[in-house]
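Here the working numbering is used: the first residue of the sequence shown is 50, the next is one more, and so on.
Glycine included, C-beta positions come from ideal geometry on N, C-alpha and C.
Model, not experiment: these values are computed from the prediction.
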Amino acid sequence: MSRTVDGSAHMSPQVLAAYRYCEAVTGQQARNFAYGIRLLPTDKRYAMSALYAFSRRVDDIGDGALAADAKRDRLAQTRAVLDRIRADAVPEDHTDPVAVALAHSARRFPIPLGGLDELIDGVLMDVSGREYETWEDLRVYCRCVAGAIGRLSLGVFGTLSGAQDVERAPEYADTLGLALQLTNILRDVREDSRNGRTYLPAEDLAKFGCPPAFHAPSAPLDADFTGLVQFEVRRARALFAEGYRLLPMLDRRSGACVAAMAGIYRRLLERIARDPSAVLRGRVSLPVREKAYVAVRGLAGLDARGVARRNARGVGR
C-alpha cells in the first residue's frame, strides 16, 4: 500500500477526518496517554487515538450522571457499535467518526477487539457499584478496564520477530495495564470516595484500620493510611517490574511510546509514595515539563532493554 508524505496510508477524506477527530479527543482528554502516542509513526498514532476515543466513550458513560438503567442501555448500544466494527459493517461515510476510525484501524492492524468488550464489562461493574474484597477480586476489574487496553495496544504495536519469550507479550501488556490502573486508584482515592466508590480491596483497608470511605483531607486518627498506601505502592511496583518485560519485545518507537506512558505513571506512583497523604488533599499530578522529559527520554536513545532494567530496579524515578 502506498504512503503519503506524513507516513499515513492513503485514505478517504472521511477516514482522515475521523482520525483527526479521535486525535482531538485524545489530546483534550488524555494528556498522559497523548505524550506517549506522539512518539509513534502516523498510522500507529491514528490507531491508538481511535482506540482511546472509543474507550473514552465507554468510560464517560460509566462516569456520567445518567441513572444506572440508562447507563446499561447506552453501554449495550456501544457494544452494538463494536459488533458492527467487528463485522466490518461501518461504512466510511458513517456519521460516527470514532466508529469509522476504529473500523479502519481494525482492518489495518490485528487489534483484539474483544478487549473493548472487556472494557464495557468493567464499566458495568462500576455501574452496579461493585466493591472488591480481595486483590484478586480487584485484579479482575483492573484487567477489564486497563489490562485489556494493554492487549489492544499490543495489537497496534506488534512485536519484534525473534524476541525472547515473545509469546508472553500479551501477559506483560496486561500486567503493565494493571500497574497503571492501581496507580490511578491510589491517585483518585479522595475523588472516588466522594463519588461513592471504593476500589481498594476491603481486606487491605481493614488490615490498616481504614474505613471503606472517608472524605476529609486526612485519614481517621486510628488508621494507618500511610501503611495502606505503601502496601499498595509495593504491589504496583511489582506489577511495573513485571510489565516492563514487554519493552524489549517492541520496536524502538513503540517501546518509546510504552516507556513514556508507563514512565509518567511510575513517577506519579513514586510521588505518592513520598507523600501518601497527598492523595487525600487533592489530585496528585506531574508538571508538564516532567511529562515531556519522560517522553523525550524514551525516544532519545534509551533502548527498551535499558528502560526495562532501570524501571524494574526503580532507578530514574
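| query | result |
| --- | --- |
| Close-in-space but distant-in-sequence residues of the same chain around PRO62 (CB under 6 Å, 5 per side omitted) | none |
| Alpha-carbon spacing of ASP74 relative to MET97, whole angstroms | According to the sequence displayed, residue 74 carries Val and not Asp. C-alpha separation (whole angstroms): 12 Å. |
| Boundaries of the alpha helix (DSSP H) in which THR91 is found, first to last residue | 91-112 |
| Top-ranked residue by Cα proximity to VAL282, from GLU185, ASP324, LEU201, ARG121 | ASP324 |
| Neighbour-count burial assignment, LEU270, 16 or more Cβ in a 10 Å radius | exposed |
| For PRO297 and GLN213, the rounded distance between their alpha carbons | 8 Å |
| Residue from CYS306, ILE160, TYR342, ALA305 with nearest C-alpha to GLY44 | Lying before the first or after the last residue shown, residue 44 is absent from the chain, which here runs from 50 to 366. |
| Euclidean distance between Cα positions of LEU225 and PRO336 | 23 Å |
| Inter-stretch contact at 8 Å, needing at least 3 Cβ pairs: the segment 114-123 / the segment 132-146 | no |
| Length of the line joining the Cα atoms of ALA341 and TYR314 | 13 Å |
| C-alpha distance - LEU317 paired with GLU141, whole-angstrom precision | 40 Å |
| For GLY199, the three-state DSSP class (helix, strand or coil) | helix |
| 8 Å contact criterion, which VAL278 and LEU235 should meet: CB distance rounded | 6 Å |
| Contacting residues, own chain, Cβ-Cβ under 6 Å from LEU151 (five flanking each side not counted) | ALA99, PHE103, ILE134 |
| For LEU270, three-class secondary structure by DSSP | coil |
| For SER202 and ALA222, believed in contact at Cβ under 8 Å, the rounded distance | 7 Å |
| Nearest-angstrom Cα separation, counted from ASP92 out to ASP179 | According to the sequence provided, residue 179 is Arg. The question's Asp does not apply to it. Looking at the two C-alpha atoms, the distance is approximately 38 Å. |
| Whether VAL194 touches GLY111 by CB criterion (7 Å) | no |
| Own chain residues within Cβ distance below 8 Å of ARG320, not counting five before or after | ALA327, VAL333, LEU335 |
| Contact set for VAL54: own chain, Cβ-Cβ below 7 Å, skip 5 residues either direction | Note that VAL54 scores a pLDDT of 37, beneath 50, so its modelled location is shaky and nothing firm can be said. |
| Status (buried if at least 16 other CB within 10 Å, exposed otherwise) for ALA322 | buried |
| DSSP three-state assignment for GLN213, whether helix, strand or coil | coil |
| Neighbourhood of ALA130 by C-beta, 6 Å cutoff - its chain only, sequence neighbours within 5 removed | It is worth fixing the name first, because residue 130 is Val in this sequence and not Ala. Answer for VAL130: ALA148, listed in chain order. |
| Residue burial classification, ALA83 (beta-carbon count within 10 angstroms, cutoff 16) | buried |
| Cβ neighbours of ARG69 in the same chain (closer than 7 Å, five flanking residues each side left out) | none |
| Inter-residue spacing [alpha-carbon to alpha-carbon] between GLY312 and PRO146 | 31 Å |
| Burial state of ARG243 (16 or more Cβ within 10 Å) | exposed |
| Residues of its chain near ALA197, where Cβ-Cβ distance is below 6 Å and the 5 sequence neighbours each way are ignored | GLY164, GLU167, LEU168 |
| Of the residues PRO260, ALA114, TYR190, the one placed nearest LEU231, counting alpha carbons only | TYR190 |
| Whole-number beta carbon distance between PRO250 and LEU187, since they are thought to touch under 8 Å | 5 Å |
| Collapsed DSSP secondary structure at ALA83 in the structure displayed | helix |
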